[in-house]
Amino acid sequence: MNDFKQKYNCLKIENKKIKKNFYKIIKFFRFFKKKEILKKRTKIKEIIMKFIPLFDNINKNYNIHILNFLKYMIKKNCIKVIEPKKHDDFNPYIHQAIIIVKGNKKRIIKVLKKGYIFNGLVLRPALVCI
Numbered sequence: 001m002n003d004f005k006q007k008y009n010c011l012k013i014e015n016k017k018i019k020k021n022f023y024k025i026i027k028f029f030r031f032f033k034k035k036e037i038l039k040k041r042t043k044i045k046e047i048i049m050k051f052i053p054l055f056d057n058i059n060k061n062y063n064i065h066i067l068n069f070l071k072y073m074i075k076k077n078c079i080k081v082i083e084p085k086k087h088d089d090f091n092p093y094i095h096q097a098i099i100i101v102k103g104n105k106k107r108i109i110k111v112l113k114k115g116y117i118f119n120g121l122v123l124r125p126a127l128v129c130i
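Quick note on the UniProt record's numbering: the sequence shown kicks off at 1 and runs consecutively.
(1) On the DSSP bridge list, what partners appear for residue 138?
(2) Is residue 3 helix, strand or coil by DSSP?
(3) Contact defined as beta carbons within less than 8 angstroms: I believe residue 94 pairs with residue 125. What is the distance between those atoms, to the nearest angstrom?
(4) Helix, strand or coil for residue 109 per DSSP?
(5) When you compare only the Cα positions, how much space is there between residue 76 and residue 114?
(6) When DSSP labels each residue in this structure, what does residue 51 get in the three-state scheme?
(7) To which residues of the same chain is residue 49 closer than 7 angstroms at the C-beta, ignoring the five residues directly before and after it?
(8) Smallest Cα separation from residue 42: which of 89, 91, 120?
(9) Taking C-alpha atoms, which residue in 14, 127, 108, 107 lies nearest to residue 116?
(10) Please name the residue, chosen from 82, 84, 129, 72, that lies closest to residue 102 on a Cα-to-Cα basis.
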């Protein structure tokens, strides 16, 4: 009977060690997965950021065919345009105040440039006057 208790206790300790290692591996895997997702999102952001100035220039020059194609590609690739309107509330997470007028109650007066969001990640905040 005593031998049985010793084996049981040894197996119990070994089981705890295995569980501990298992949880360490799961924790590491989750960390690694998050890190890889972040790397991928960062790379995609870098690529998209290179096209935003082109989009702005085409938008300024009103080349309708190219502009419509770019809008289609942006929509297709889950990129949302931040288009604040006059008198909207200023949101520091998606807007960047370029000009601040005293006495204004954090409302947008003028939109200087549109912003862009990709999968919840702000590529460029909308540039506004408040």
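Built from N, CA and C at the ideal position, the CB exists for glycine as well.
So, from the listed chains and residues:
(1) Outside the displayed range of the chain (1 to 130) lies residue 138, so it cannot be described from this structure.
(2) Here DSSP, grouped into helix, strand and coil, assigns residue 3 to helix.
(3) Indeed they touch by this definition, with Cβ atoms about 6 angstroms apart.
(4) Residue 109 falls in the coil class under three-state DSSP.
(5) If I take the Cα positions, the gap works out to 18 angstroms.
(6) Of the three classes helix, strand and coil, the one that applies to residue 51 here is helix, per DSSP.
(7) Closer than 7 angstroms at the Cβ level, and outside the excluded window around residue 49, lie 123.
(8) It is 120 whose Cα lies nearest to the Cα of residue 42.
(9) Ranking the options by Cα distance to residue 116, first place goes to 127.
(10) Ranking 82, 84, 129, 72 by Cα distance to residue 102 puts 129 first.
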